[in-house]
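Under this note's numbering, the sequence shown has 486 at position 473, and the numbering climbs by one with no breaks. Note that beta-carbon positions come from the ideal geometry of N, C-alpha and C, so glycine has one too. Note that the structure is a prediction, hence the values are computed from the model and not measured.
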Amino acid sequence: MKKKHLITAALTLCFSFLTGCNQAPVENNPGEDKIQTQNEQKQDKKQQNIFYVKPVQLNVRESHSTQSAIVYKLSRFDKIENIDNNSYVDENEQQTKWYNIKFVNGNNEEKTGWVSSEFLTQNKQDLLSENLKGVDLSNYPKTYEYENNKRVKVKGIYVTINSILGDNLDRLIQLCNESEINAFVVDVKDDYGNMLFKTSASEKFAPKANEKAVSKDKMSKLIKKLNENNIYLIARIVTFKDPIYTEYYPERAIINKETASTFVSKDGLRWASAHDRNLWEYDVSVAKEAAQIGFNEIQFDYVRFPASNGGKLDSKLDYRNNDGDTSKAQTVQSFLKYAKENISPENVYVSADIFGLVGSVPNDMGLGQYWEAVSGVVDYVSPMMYPSHYGNAVYGIDIHDAHPYETVFQSAKDSVNRNKRVDNPATIRPWIQDFTASWVKGHIRYDEPQVRDQIKALNDNGIDEYILWNAGNRYSFEQ
14 MKKKHLITAA
24 LTLCFSFLTG
34 CNQAPVENNP
44 GEDKIQTQNE
54 QKQDKKQQNI
64 FYVKPVQLNV
74 RESHSTQSAI
84 VYKLSRFDKI
94 ENIDNNSYVD
104 ENEQQTKWYN
114 IKFVNGNNEE
124 KTGWVSSEFL
134 TQNKQDLLSE
144 NLKGVDLSNY
154 PKTYEYENNK
164 RVKVKGIYVT
174 INSILGDNLD
184 RLIQLCNESE
194 INAFVVDVKD
204 DYGNMLFKTS
214 ASEKFAPKAN
224 EKAVSKDKMS
234 KLIKKLNENN
244 IYLIARIVTF
254 KDPIYTEYYP
264 ERAIINKETA
274 STFVSKDGLR
284 WASAHDRNLW
294 EYDVSVAKEA
304 AQIGFNEIQF
314 DYVRFPASNG
324 GKLDSKLDYR
334 NNDGDTSKAQ
344 TVQSFLKYAK
354 ENISPENVYV
364 SADIFGLVGS
374 VPNDMGLGQY
384 WEAVSGVVDY
394 VSPMMYPSHY
404 GNAVYGIDIH
414 DAHPYETVFQ
424 SAKDSVNRNK
434 RVDNPATIRP
444 WIQDFTASWV
454 KGHIRYDEPQ
464 VRDQIKALND
474 NGIDEYILWN
484 AGNRYSFEQ
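Shown next as structure tokens:
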């Protein structure tokens, strides 16, 4: 019996020893830890030397003196790195410190020069004007790519509800099979508030939106057909302009104070309030259902306040801000954050349409669309760079519609430069013009050469994705 106990104890000890060996924590290599610590310290030190330009324009000089030659002009928000920790004092301005800086110019070249430290800040939030109050410029976390939904270099076209459900579908699929087009931007919730397919969200918030919609079963079959043709699917959701929703919730619509009636835009459609969290839930719920049925990406259009002549109509409109939002730009960004956080778990991308001029102006154009606030949150940003839509003399061009390359080139250049100011920017994928703007004085006919000119302008700025807009879904590549 004693011998048996000894054998059992020995076996137990051996088993414990072996198990203990298997369970013992793996120690990190001290050398690897040291390298990692050194890298982190280098990153921290580099971050301590990062500054942002405060003035609208700042002269970069050849040396630390206001009398030296100007070598470049930086703009507000431009990021620079201080590469000389020693500060210098200008002979004529004893109290002014100068930094030797490193920066990237408009041609994406790394350059150096000198600037006065008084025109720099390390806190980007300090640079926001009053009408951008509340905007978050921090590094917003994003998942770059989903394992079961790989990114695609989109060459897309816009597709209406009527087109995808009607006889046009096979023609548009053929266009994809015979050209570079590889994506559809499909109306899932259109300008009138109508649904493409019946959604539980509409049943809850605005049942009338489902009246013309097809069943989810039919939609699934359509998705299967499109997938078989390798077409990347983007669900377009018209966000804050919604005539049907405002029928159900008139108290949530924007009000014209002068007439005490619901605000109606030039197209005769009613707008709900961008502040309305109930509408946020509705739009995002529709987006989630689109993701679940097979769309690869959600695109929010009209994700803005209505055009108000640069904010001049604000005094006449009641936007129904009952949630303590501090600015239009903060409101739009907060919605996009809410959307991203709720939609990303479905493993789909989120994009936003913005005015083409947003990348070229320092404000939100009174729309709530501030480049850094939008690009910093979504996966793709789609400025609408239709040449016919730019005002006189913008970019020094008289008739933009007649100059597709020049107009899109400058808009794209400005957009790329703005994206450099964002820590984790969206991919730029512009909308471009594939229609003839006959209402524009001095317009030209748009055909494949004019579309190609726009694509070249994007490519010349390093942008390799685009979406074509034609309201009737007739595209020049079909000829």
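In whole angstroms, give me the CA-to-CA distance for residue i and residue j.
i: residue 305; j: residue 180; result: 26 Å
i: residue 478; j: residue 442; result: 5 Å
i: residue 65; j: residue 339; result: 24 Å
i: residue 314; j: residue 123; result: 36 Å
i: residue 334; j: residue 484; result: 33 Å
i: residue 229; j: residue 424; result: 40 Å
i: residue 413; j: residue 453; result: 10 Å
i: residue 281; j: residue 373; result: 29 Å
i: residue 158; j: residue 358; result: 12 Å
i: residue 35; j: residue 208; result: Unreliable placement is indicated for residue 35, whose pLDDT of 43 sits below 50; the coordinate value is still reported in the next sentence. Taking the straight line joining both Cα atoms gives about 58 Å.
i: residue 84; j: residue 459; result: 41 Å
i: residue 350; j: residue 77; result: 43 Å
i: residue 388; j: residue 81; result: 37 Å
i: residue 127; j: residue 116; result: 10 Å
i: residue 79; j: residue 110; result: 12 Å
i: residue 408; j: residue 235; result: 43 Å
i: residue 450; j: residue 95; result: 48 Å
i: residue 155; j: residue 60; result: 21 Å
i: residue 347; j: residue 327; result: 20 Å
i: residue 1; j: residue 250; result: No answer is possible for residue 1: it lies beyond the span of the chain, which begins at 14 and ends at 492.
i: residue 323; j: residue 403; result: 14 Å
i: residue 130; j: residue 434; result: 19 Å
i: residue 352; j: residue 166; result: 23 Å
i: residue 192; j: residue 186; result: 10 Å
i: residue 498; j: residue 475; result: Nothing in the structure corresponds to residue 498, since the chain is present only between 14 and 492.
For residue i, which residues from the same chain have a beta carbon less than 8 Å from its beta carbon, with the 5 sequence-adjacent residues on both sides left out?
i: residue 285; result: 253, 254, 255, 258, 259, 262, 265, 266, 267, 292
i: residue 10; result: Nothing about residue 10 can be reported from this structure: the residues present for the chain run from 14 to 492 only.
i: residue 86; result: 70, 71, 72, 73
i: residue 310; result: 245, 246, 247, 248, 361, 362, 363, 364, 392, 393
i: residue 233; result: 306, 307
i: residue 145; result: 340, 342, 343, 376, 377, 383, 386
i: residue 468; result: 445, 479
i: residue 226; result: 207, 208, 209, 210, 211, 212, 215
i: residue 405; result: 411
Spell out the partners DSSP gives residue i in its beta bridges.
i: residue 266; result: 285
i: residue 70; result: 88
i: residue 384; result: Residue 384 pairs with nothing; no bridge assigned.
i: residue 170; result: 197, 481
i: residue 134; result: 65
i: residue 208; result: 202
i: residue 275; result: 268
Whole-angstrom Cβ separation of residue i and residue j, contact assumed at under 8 Å?
i: residue 278; j: residue 319; result: 5 Å
i: residue 152; j: residue 436; result: 4 Å
i: residue 202; j: residue 299; result: 5 Å
i: residue 395; j: residue 312; result: 7 Å
i: residue 119; j: residue 430; result: 6 Å
i: residue 223; j: residue 297; result: Not really, about 17 Å apart at Cβ, beyond 8 Å.
i: residue 176; j: residue 472; result: With a Cβ gap of about 28 Å, residue 176 and residue 472 do not count as contacting.
i: residue 194; j: residue 168; result: 5 Å
What is the residue span of the beta strand (DSSP E) that residue i lies within?
i: residue 395; result: 393-397
i: residue 124; result: 123-129
i: residue 249; result: 245-251
i: residue 363; result: 362-368
i: residue 311; result: 310-314
i: residue 445; result: 444-446
Residues in the same chain with beta-carbon distance under 7 Å from residue i, minus the five sequence neighbours each way, listed in chain order, please.
i: residue 410; result: 416, 419, 420
i: residue 382; result: 317, 345, 367, 368, 371
i: residue 470; result: 418, 421, 422, 425
i: residue 447; result: 459, 464, 481, 482, 483, 488, 489
Could you tell me the boundaries of the alpha helix (DSSP H) in which residue i lies?
i: residue 257; result: 256-261
i: residue 291; result: 290-306
i: residue 469; result: 461-472
i: residue 458; result: Here residue 458 belongs to no alpha helix (DSSP H), and DSSP marks it neither H nor E.
i: residue 453; result: Note, residue 453: premise wrong, no alpha helix (DSSP H); not H, not E.
i: residue 237; result: 229-241
i: residue 343; result: 341-356
i: residue 417; result: 417-432
i: residue 216; result: 213-218
Taking 8 Å as the line, does the beta carbon of residue i fall inside it for any heavy atom of the ligand MN?
i: residue 468; result: Questions concerning the ligand MN fall outside what the structure shown contains, since it holds no ligand whatsoever.
For residue i, which residues in the same chain have their Cβ closer than 6 Å to its Cβ, ignoring the five residues on either side in sequence?
i: residue 97; result: 113
i: residue 38; result: The predicted position of residue 38 is uncertain, since its pLDDT is 45 and thus under 50; a value taken from the coordinates is nonetheless stated next. Taken in chain order, the list of residues that qualify is empty.
i: residue 287; result: 253, 318, 344
i: residue 212; result: 299, 302
i: residue 171; result: 198, 482
i: residue 204; result: 251
Could you tell me whether the Cβ of residue i comes closer than 9 Å to any Cβ of chain B?
i: residue 82; result: No chain B appears in the structure shown, which is made up of a single protein chain.
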